[in-house]
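Undergrad:
Residue numbers (the UniProt record's numbering): 1 to 776.
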């Protein structure tokens, strides 16, 4: 085989290197240089200390800014298709939210954006933890790279995360003047515009400001002419750096995002005009003049058309302030301090029947404030021993108001009946109906949930690596976490003008409070066979905090739930072959997940339908993840990844709708991605760059009940990208996403048995666009 030049041998690392994070040799990359030369100097920062790429004994994937651009990936949802063993959607159960992240790694995740529960996968932007699901999905702006760490995190990153962590890093302020602008236009009236300036202000001060506007029409149309699935977003990121000396720097940042979008794109996927509660409603309508019968539901041959008339809004306003201090105390010890204050205000909702009739809609209003601080002290006492000590604290306040309305008018109709019905489809043989019948309250399905939540978390953590023999290294880590949570909640039955739950400071039963103290250890061993091959094994234990039910409608469902725990074992290899022309990395893993928090519902004689969150599940998950990078020639790069996951419930406690044969939600058995990039020389200085990218996921279930109406069949997605630098300042590119126009479901709910409807949340159809970038 012909040996490539030293320069070419480095080229192959320019795309995703799953299981091996890296950073750039310089902060800013020339947009118009040969794309394959982006990552010439590959280093690792995933463990918060700089180390060689292939010596990182972690399961990590990294996406550079060029990786994202060349696959036409605009946000985390798009990017997740090209990362092994991760699922990210914008809508959780019963939300319709377009900026809420439902992130699942290796079968561990949170798919409901309700803010009274914690995410299973932590999200960090420039080292700042984002505590809530809402506001986590925004368009990328001035991104340097994204690091995705699988498995329990806590001995390196501030907040404990049971499933993994995503760390988004934006570009740092540099000491060189730079101006860059980009315009993008495409189908569905898409128009994006961004502007960036990096400006030295003096010998010690420099600033960097990025501003972007993203607009696009929705692709799901309502009969009344409204659209769903579009975007209207304004984003600002401003940084100010003070370089006091070669060893001390301070950086301040301000980020701001404003979104004014429609509801998440959804359609009626299946109907059942004979559903239990729907039939009951129509029976009452025949007997009561206060209720109009519900006509036959409308479905359409057009898969992107619905007849919804209710909620169609997604508003987001969030702001973040950050101050970061970095100080090299001496040649061996480094201090880093990150202090942040963030605010979030969000309103979102949806019409889940997708019809003019009011079978059901939901409305969410969320306000969140958080103050966090992370303090790291790291050292490199010798080539053999490295260590890190950390302190993390966060104080958070949430106001969360949620309303759902199902079968509007049912309670009024029951109250106007002359006498009770002789049994009902809901709770036979009990009798509902008739004036002041207490059983009617269970069918007042217009409920409001007013939540006031305070969360505090403090943690001490430590991490160390020690090379005790020439080829052997041991890694140890430990974390001690204290958490305290308090919920004040009032649940109102709006039509009956009654209060179902009153747990506040001023109520007789008081607010709901819980606290926990948890110890989380980590142990790993690394064996370096040669300069090109390394093996490792890690064992870690993580936890996800307990919490509260934000939609409690009975005393039982208002009880807090306890933490869930996960034990993870990983065995991995990192290797390079053929004089660094081929890279092959693999990880096998085993997870034991205990006391899983699941959300469900059950019927009761006095409460109609109870919604609860409880610790009812244990699971065992095993699988493998393989990543391959190959430099086929000086102008051709191939990347491939595949994962296999076998996830099973081993215990479901008292749950009735979930069994040990149930499949985990949002957990495909197979994921795969393939990407081929080619440089086509046009002149001595410029080349045409093309990239074809393919992603695959096997079938997944979108609800814990494994409903066939809420299942997503296997999906293959194909994207194409081409770019050419017209001159040293101007670059043109074109892209097509979902090239084969696959009909792709990213979320679903099945209410066919009770309310007669099931719904699909949809990913966009095929879209093309053009982009022009100019720098000077």
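Glycine residues also receive a C-beta, built at the ideal position from the N, C-alpha and C atoms.
From a predicted model like this one, the values you see are computed outputs, not experimental measurements.
Per DSSP, residue 451 is paired with what?
TA: Residue 451 pairs with 400, 489.
Undergrad: First and last residue of the alpha helix (DSSP H) that includes residue 276?
TA: 276-287 is the extent of the alpha helix (DSSP H) around residue 276.
Undergrad: Under 8 Å, do residue 99 and residue 314 count as touching if we go by C-beta distance?
TA: Yes, Cβ-Cβ distance for residue 99 and residue 314 is below 8 Å.
Undergrad: Do residue 524 and residue 451 have their beta-carbon atoms positioned less than 8 Å apart in this structure?
TA: No, the pair does not count as a contact, with Cβ atoms beyond the cut-off.
Undergrad: Buried or exposed for residue 351, going by 16 or more other Cβ atoms inside 10 Å?
TA: With 16 or more other Cβ atoms within 10 Å, it is buried.
Undergrad: Pull up the distance between the alpha-carbon of residue 540 and that of residue 152, whole angstroms please.
TA: Whole-angstrom Cα-Cα distance: 7 Å.
Undergrad: Identify whether residue 755 lies in helix, strand or coil by the three-state DSSP scheme.
TA: Here residue 755 sits in coil by DSSP.
Undergrad: What is the DSSP secondary structure of residue 314, reduced to helix, strand or coil?
TA: If DSSP states are grouped into helix, strand and coil, residue 314 belongs with the strands.
Undergrad: Who are the near neighbours of residue 349 in its chain, counting only those whose CB is closer than 7 Å to its CB and skipping five residues on each side?
TA: Excluding residues within five positions, the ones whose Cβ falls inside 7 Å are 96, 263, 311, 313, 361, 362, 363, 364.
Undergrad: Taking one C-beta from the segment 515-533 and one from the segment 136-145 each time, how about it: are there three or more such pairs within less than 8 Å?
TA: The answer is no - the segment 136-145 does not touch the segment 515-533, with fewer than three Cβ pairs under 8 Å.
Undergrad: Relative to the C-alpha of residue 560, which residue among 366, 487, 105, 756 is closest?
TA: Per the Cα distances, 487.
Undergrad: Mind the definition here: the segment 503-519 touches the segment 479-486 only if three or more C-beta pairs lie below 8 Å; say whether that holds.
TA: Result yes; three or more Cβ-Cβ pairs closer than 8 Å.
Undergrad: Just how far apart, CA to CA, sit residue 119 and residue 113?
TA: Cα to Cα, residue 119 sits roughly 8 Å from residue 113.
Undergrad: In three-state terms, what does DSSP make of residue 740?
TA: In this structure, residue 740 counts as coil in the three-state DSSP scheme.
Undergrad: Can you check whether the CB of residue 165 is closer than 8 Å to the CB of residue 149?
TA: Against a cut-off of 8 Å, the Cβ pair of residue 165 and residue 149 comes out as a contact.
Undergrad: What first and last residue would you give for the beta strand (DSSP E) that runs through residue 667?
TA: Careful: residue 667 lies outside any beta strand (DSSP E) and carries neither H nor E.
Undergrad: Would you say the segment 655-672 touches the segment 686-704, given that touching needs at least three Cβ pairs under 8 Å?
TA: Segments in contact, yes.
Undergrad: Report the rounded CA-to-CA distance for residue 62 versus residue 146, giving the unit in angstroms.
TA: About 6 Å.
Undergrad: How about residue 161 and residue 121: do their beta carbons lie closer than 8 Å?
TA: Yes; because the gap between Cβ atoms is below 8 Å, this pair is in contact.
Undergrad: What are the start and end residues of the beta strand (DSSP E) that includes residue 78?
TA: Element bounds for residue 78: not the beta strand (DSSP E) but the alpha helix (DSSP H), 76-79.
Undergrad: Between which residues of its own chain and residue 750 is the CB-CB distance below 6 Å, once the five residues before and five after are set aside?
TA: Excluding positions up to five away in sequence, the list reads 707, 709, 710, 758.
Undergrad: What span of residues does the alpha helix (DSSP H) with residue 416 cover, start to end?
TA: Note, residue 416: alpha helix (DSSP H), 410-416.
Undergrad: For residue 334, which of helix, strand or coil comes out of DSSP?
TA: If DSSP states are grouped into helix, strand and coil, residue 334 belongs with the strands.
Undergrad: With DSSP as the reference, identify every bridge partner of residue 521, one or two as the case may be.
TA: Partner(s): 478.
Undergrad: Reducing DSSP to helix, strand and coil, say where residue 707 ends up.
TA: Coil.
Undergrad: Excluding sequence positions up to five away, which residues of its chain have a Cβ less than 8 Å from the Cβ of residue 204?
TA: 242, 243, 244.
Undergrad: Exposed or buried, residue 746, counting other C-beta atoms within 10 Å across all chains shown (16 or more means buried)?
TA: Residue 746 should be labelled buried.
Undergrad: Entirely within the UniProt domain "TonB-dependent receptor plug" (53-165) and at least 3 residues each: give me those beta strand (DSSP E) ranges in chain order.
TA: DSSP runs (the beta strand (DSSP E)) wholly in the UniProt domain "TonB-dependent receptor plug" (53-165): 60-64, 86-89, 102-105, 108-110, 121-125, 128-130, 143-150.
Undergrad: What's the gap between the Cα of residue 326 and the Cα of residue 400?
TA: C-alpha separation (whole angstroms): 36 Å.
Undergrad: Can you name, in chain order, every residue of its own chain whose Cβ lies under 6 Å from the Cβ of residue 319, other than the five neighbours on each side?
TA: Excluding residues within five positions, the ones whose Cβ falls inside 6 Å are 256, 343.
Undergrad: Which first and last residues belong to the beta strand (DSSP E) in which residue 652 is found?
TA: Counting along the chain, residue 652 falls outside any beta strand (DSSP E), and DSSP gives it neither H nor E.
Undergrad: In or out: residue 353 buried (at least 16 other Cβ within 10 Å) or exposed?
TA: Burial call: buried.
Undergrad: Within the chosen definition, does the segment 711-724 reach the segment 59-77 through at least 3 CB pairs nearer than 8 Å?
TA: Yes, the segment 711-724 is in contact with the segment 59-77.
Undergrad: Could you tell me the boundaries of the beta strand (DSSP E) in which residue 769 lies?
TA: Here the beta strand (DSSP E) through residue 769 covers 767-775.
Undergrad: Rounded to whole angstroms, how far is the Cβ of residue 390 from the Cβ of residue 414, which I believe are closer than 8 Å?
TA: About 58 Å separates the two Cβ atoms, so there is no contact after all.
Undergrad: According to DSSP, is residue 438 helix, strand or coil?
TA: Residue 438 falls in the helix class under three-state DSSP.
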